[in-house]
Every structure is written in structure tokens, then in C-alpha cells.
């Protein structure tokens with residue numbers, strides 16, 4: 831299993847609850863409130879992936895690397911490390927939450943292209959997401 835620590839671009843500064851990316855925000859008329867802590871977080875849902883935004887800035891301000899091991903989540907604190915497991919294949923990857931999204935009601939997490947590839951996702955897949963630590 832590959833881990834986010836093997837990709838320096840996925841590392842972020844320490845958690846800062848006052849940072850703009852950890853405050854409530856609104857997208858398409860819906861308000862999202864980031865969790866004050868991810869301790870104990872575990873959820874199951876649909877994952878998608880993104881990769882065409884190479885070089886763009888994430889919500890955390892880090893440059894997005896499509897082949898790195900990062901992800902976007904609507905409410906997990908930034909930064910948070912999570913283990914994402916593809917429920918069909920049983921393969922897992924550790925990723926750093928450094929962005930916000932996906933903003934579709936049926937999606938739990940957006941993985942970078944590199945993370946999705948690690949666990950065999952080429953479109954959508956049902957996954958479990960479990961918090962494993964901060965940066």
C-alpha cells in the first residue's frame with residue numbers, strides 16, 4: 831500500500847481551525863460546516879477521482895498533483911489523513927485531505943488520479959473512508 835508520506839507534495843502545515851478552509855462555506859447554495867475534529871470518523875459512500883487540474887491550487891493552498899495521494903472532502907478538517915478502501919477490490923490507500931469537494935450529493939470523496947489508480951478506481955466506486963491522523 832502506498833502512503834501519502836511517500837509524496838512530499840501531499841504534506842500540509844499543522845491543523846488550523848481558524849484557517850479559511852476549515853470554516854463553514856457555501857457552494858451552489860448549500861452550506862457546509864467542516865468538522866472540528868475527525869477523530870473517530872468512518873463512513874462508506876461513493877468515490878470519484880479528479881486529475882485534470884494539474885498545477886491548480888487546492889483549498890489548502892497547496893498545488894494539486896494529479897499523480898500524488900491526496901483527496902477532497904466536504905467536511906473533514908484540512909489536513910487529515912484517511913485510509914480509503916475500495917470495497918469491491920479490498921485495496922486501500924492513505925491520502926491527505928487537502929481540498930474541498932466533491933459537490934455532488936451522491937459522492938463522499940474525490941481522490942486524486944494517483945490515489946484512485948492505487949485502489950483500482952477508474953470511474954466511481956463504493957469505498958470506506960477512515961480517519962487515521964493529522965498531517
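Residue numbers (my numbering): 831 to 965.
Just so it is clear, CB atoms sit at the ideal spot from N, CA and C, and this is done for glycine as well.
Cβ atoms of residue j and residue i: under 8 Å apart, would you say?
i, j, result
"residue 921", "residue 949", "yes"
"residue 906", "residue 912", "yes"
"residue 876", "residue 960", "no"
"residue 900", "residue 937", "no"
"residue 951", "residue 927", "no"
Should residue i be labelled buried (16 or more other beta-carbon atoms within 10 Å of its own) or exposed?
i, result
"residue 869", "exposed"
"residue 954", "exposed"
"residue 874", "exposed"
Can you check which of these residues, the options, is closest to residue i by C-alpha distance?
i, options, result
"residue 942", "933, 929, 857, 866", "929"
"residue 894", "906, 881, 873", "881"
"residue 896", "871, 925, 918", "925"
"residue 934", "851, 886, 903", "903"
By DSSP's criteria, residue i is part of a beta bridge. Which residues make up the other side?
i, result
"residue 955", "877"
"residue 942", "880"
"residue 936", "Paired residues: none, contrary to the question."
* Every unbroken beta strand (DSSP E) within the segment 848-922, with a cutoff of 3 residues, ordered by chain -> Counting only runs of 3 or more, we get 855-857, 860-862, 872-880, 900-903, 910-916.
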